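Everything on this sheet refers to the single structure shown next.
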Amino acid sequence: MRRQRMIARCVRSVRLGILVAFAAMALAEPARAQAPLHERIDAMLESAHPAQPAPLASDAEFVRRIYLDLIGTIPTADEARQFIDDQSPDKREKLIDRLLASPEFTRHMTTVLDVMWMERRPDKHVKTDEWRAYLHAAIAANRPLNELVREILAADGVDDALRPAAKFYLDREGEPNLLTRDVGRMFFGMDLQCAQCHDHPLVDDYYQADYYGIFAFLNRSFVFADAKAKKSFFAEKGEGGVEFKSVFTGETGQTGPRLPGDAEIAEPTFAKGEEYVVKPEKDVRPVPKFSRRAQLAEQATDGTNNAFNRNMANRLWAVMMGRGLFDPVDLYHSGNSPTHPLLLQTMADELVAMQFDVRRFLGEVARTRAYQRGLDMPENQMEQAAAAVAQVAALEAELKSLEAAREQAAAAVSATKAEAKSAEEAVAAAAKQLADAQAAIEPAKKAAAEATAKLTEAQSAVNAKQEVATLVADAAAKTQAVVAKFPGDDALAAAAKTFQTRADELGSQLESARQTATQAAATAKNAADQLAVAERMVATVTTARDAARKQAEAIAARTSAVESALATEVMKVGEAQHKHQRAVALAELHQTKVAADQARGAADQAARQLADARKELESAKASMPERQKELDSARTARDAAAKQLTETQPQLAAQQAATKTLAEALAQANAAAEKLPDDKALADAAADVRQRHEQEQTKLDATKNEIARLEAEAKSTAEKLAAAEAAIATLTARIAELEPSLPKLETDANVARERADSALAALDQADLDIVRRWADETYVAGLKPLSPEQMTMAVLQATGYTNNVRSAAEAELNKKSPLSEADQADAAKVAERAKQLEDELYGKLKGNVGLFVNLFGVGPGQPQTEFFATVDQSLFFANGSQILSWLNPSGNNLTARLTKL
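Every letter in the sequence shown is one number past the one before it in the numbering used here, and letter 466, counting from 1, is 472.
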């Protein structure tokens, strides 16, 4: 786990700092033609996408968007109509340039930066109007953004001209932890608050040392209340180290000032008491010789700190796009990496190359196809999703290969980082030894000075006593010589004795003073020796520290190659990950579409089966009476045929018997006639019998035919009856089969419909997810909330209130200071009049902003980008007195224009 965290830290440190090398590499290349930034942005975005982005927005959509983003309001109806009717192919570029050059852009950008950096905090030491005037002047003069930030980060509020810049610090009461968090968030894009007491629990690459690296720039600073000036300033002490301890692990550490992604800054060392230009006193603001805060301002903004450059580029991108390439814009880390790492780095580098020119940078973003895309997805979205399926495997294989290369590079960096850490610990240990040695210098110097002073005092005492003792001894000797010449003079003898006694006393005192001087000399020598030892120790430890630093620098130099390699791999992996994810998302959309189509087909089939069964059952039940009628008819016909056959059969038998009898009689008559051929009567009788036989035979044949017919009819009707009975049986069986099957078919149809509905809902959600993803990644325009200030100005513009106020303000200006014809031909004077008019107009409209801030704004001291909806907002637009007053027919406002239609 620790190794993984070390690798993560290495990856993060590369992302934070080493990637700036790409900019240096680009600058080092020979000068050559390079495509404009907006073209490179589009090329990078589109090459990183596995599908065709959304088409460009309509002119109506674009003109509203660009007005809101560049000047904070919507166009007037006339401005929109004029733009839409314009057929010039470059009309969008011209509009962008015109808006960027307008005084309204300056005003809007002033608001953007104010809200971004102060987050609507209440006034404390610096008034908002003064702060905004400072920002407004800087933007109007097109001052580089890094210079503006440098003044803010270095501000102490002493210089009246720059005092507003100190609002960032002073209105946060100089609280170092709050400032550490907000400096990290707003100028480096990193919210390190949760790393104050321990490594961040949720963000693997936010470390406690990162927090205290920024904290070390600010912990010496404090709000100084100057009673005489009746102002507060942001002062700074010249001492104060930073140590920290994790409340989770108990691990301790210390750090000097360090920007995200950079090493600790080199600081000069001063002897104690020599740290200040102006030393701190009760009523005196201290001024250190070395200002850490000035170093923060300089090193953050000089173009070499990639975290600062990236943060500024991302925030400016978010101003136009509604969200950053990483979002939230104050939470850059490996778990919230940019959607397009290479693009973000390119924009950061380009912002530096542009010398932090805000207008130019925003103009390039506004010219991109990415910014100008419409809200509608491409019509062939599903075809693109189907095509993405084939791309996933190749992209996944490429990603795995790149991840393996990145891990190898990260492991190499981890190893060198471990070596560098040991070297840094050696430097820290040597620095501590040097500090301890330097701390010993001062008492040694003091002891040596005191001993030298005592020696000087003792030597002076010896010299003084030596002079007096010599004079008295000489006087005593001379007095003794005089006494020898005057032996009887008692007075001279007494005087001589007195001089001698005093000489002896002074000799003793001189000897004592000499002994004291000797001891003082020994003490002074010892103190001097100790000072020399301390100085030699400082020299020795300084040499050791310098050697440790040199070794650490050598190790750092050796790591640059592996860090550069890791930077390349990290960039490649980031790009590949996002491209793979985009393809996977599209492929999943296709698969969801296929599943939805299949589920819908199954549901339709189940519905058809149910409908067919219901229809068949209804038809069967409906045809049953007819079938029964046919059965009854067939049975009646069969019975009738059987009855006729039965009735006809006795007739046949009788006829057969009669015919047989006649046949026999005829045979006998014929026989008799043959015997009596001449018997005419017999012959006639035989002829009558024959005739009768023939008649009966004819009847018999007819009856046989009738019987045959009746038998056929009986068979036919019997068959029809059987068929009718079979039909009834079949129909009855089918009804019996269909009726119990309907509940199951209904259940199956319902289940299939629910599955289809679920699949279609999943498809809708997948489609919505794609839209959101594309919007987040600038492949289709997304909806973005208006700030309260934009809402205010847009509503005032939409109602026509702004136009009425503008007309009145312009008339008043023209009355007070009319422009002559020559002035109207002077572009500079016309531009100045436009600024004057904008100032007047804003002054009359700004009183309405507070109302919208109260309704739509987030609480002070927190990010101001969230949008929320409330009942109060609805009620305000439904029946708010201000809205109604703006809509009262007046001048050329909206209602007045509508009434003329």
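A virtual CB, placed ideally from N, CA and C, is assigned to each residue, including glycine. Note that the structure is predicted; figures quoted are calculated from it, not measured.
query	result
Quick one: is His796 buried, meaning 16 or more other Cβ sit within 10 Å of its Cβ, or exposed?	Note that residue 796 is Gln in the sequence shown here, rather than His. Buried is the call here.
Should Arg379 be labelled buried (16 or more other beta-carbon atoms within 10 Å of its own) or exposed?	buried
Cutting at 8 Å between CB atoms, please list the residues of its own chain near Ser94, excluding the five before and the five after it.	Lys100
By the DSSP assignment, the alpha helix (DSSP H) with Tyr217 in it spans what residues?	Gln214 to Leu224
Between Leu706 and the rest of its own chain, which residues show a CB-CB distance below 7 Å, the 5 nearest in sequence each way excluded?	Gln661, Gln662 and Thr665
List the DSSP bridge partners of Thr112.	DSSP, once it has assigned bridges, lists no residue as partnering Thr112.
Verify whether the separation of the beta carbon atoms of Val433 and Ala235 is less than 8 Å.	no
Check Asp232 in the structure and name its three-state DSSP category.	strand
Going by DSSP in three states, Pro36 sits in which element: helix, strand or coil?	Low confidence applies here, because Pro36 scores a pLDDT of 41, under 50, leaving its location unreliable and the question unanswered by this model.
For the putative contact between Lys125 and Pro170, defined by C-beta atoms under 8 Å, what is the C-beta separation to the nearest angstrom?	Checking the sequence, you will find Glu at residue 125 rather than Lys. Wrong, their Cβ atoms sit about 17 Å apart, outside the cutoff.
Would you kindly check if the distance between the Cβ of Arg644 and the Cβ of Leu909 is under 8 Å?	In the structure displayed, the chain extends from 7 to 907; residue 909 sits before or after that span and is not available.
Measure the alpha-carbon distance for Glu818 versus Asp232 and round it to whole angstroms.	44 Å
Tell me the DSSP secondary structure of Leu337 in three-state form.	strand
Taking Cβ to Cβ, would you say Ala464 is nearer than 8 Å to Thr522?	yes
Kindly list the residues whose CB is nearer than 7 Å to the CB of Tyr140, restricted to its own chain and excluding five residues on each side of it in sequence; keep chain order.	Pro170 and Ala171
Between which residues of its own chain and Ala467 is the CB-CB distance below 8 Å, once the five residues before and five after are set aside?	Ala519, Thr522 and Ala523
Measuring alpha carbon to alpha carbon, tell me which residue in Glu413, Ile145 and Thr753 is nearest Val118.	Ile145
Spatial neighbours of Ala418 within its chain, please: C-beta separation below 6 Å, excluding the five flanking residues on both sides.	Val568
For Ile889, which residues of its own chain have a beta-carbon under 8 Å away from its beta-carbon, when the five flanking residues on both sides are left out?	Val801, Thr805, Phe882 and Phe883
Touching or not, the segment 605-613 and the segment 394-409, by the rule of three or more beta carbon pairs under 8 Å?	no
Short of 6 Å in beta carbon distance, which residues of its chain neighbour Asp65, apart from the five on each side in sequence? Order them along the chain.	Ile90
Mapping DSSP to helix, strand and coil, what is Lys666?	helix
Contact defined as beta carbons within less than 8 Å: I believe Gln301 pairs with Phe221. What is the distance between those atoms, to the nearest angstrom?	Incorrect: roughly 14 Å between the Cβ atoms, too far for contact.
Going by beta carbon distance, what residues of the same chain come within less than 8 Å of Val253, once the five residues before and after it are set aside?	Cys203 and His204
Rounded to whole angstroms, how far is the Cβ of Met326 from the Cβ of Leu368, which I believe are closer than 8 Å?	6 Å
Is it a yes or a no for the segment 388-404 touching the segment 346-356, going by three-plus beta-carbon pairs under 8 Å?	no
For Phe240, which of helix, strand or coil comes out of DSSP?	strand
Using 8 Å as the Cβ pair cut-off and three pairs as the minimum, do the segment 209-219 and the segment 279-289 touch?	no
Between which two residues does the alpha helix (DSSP H) holding Lys452 run?	Gln387 to Lys491
Report the residue from Gln390, Ala708 and Asp770 whose alpha carbon sits nearest the alpha carbon of Gln657.	Ala708
Could you check which residue in Gln506, Gly247, Leu774 and Ala562 has the C-alpha nearest to that of Lys427?	Ala562
Using C-beta distances below 6 Å, list every residue in its chain close to Ala457, excluding the 5 sequence neighbours before and after it, in chain order.	Thr529, Ala530 and Ala533
Throw me the rounded Cβ distance for the Ile741 and Leu623 pair, which I believe falls under 8 Å.	6 Å
Span of the beta strand (DSSP E) holding Val284?	Tyr282 to Val284
On the three-state DSSP scale, how would you describe Ser227?	strand
Inspect the beta-carbon positions of Glu844 and Arg113 and report whether they are closer than 8 Å.	yes
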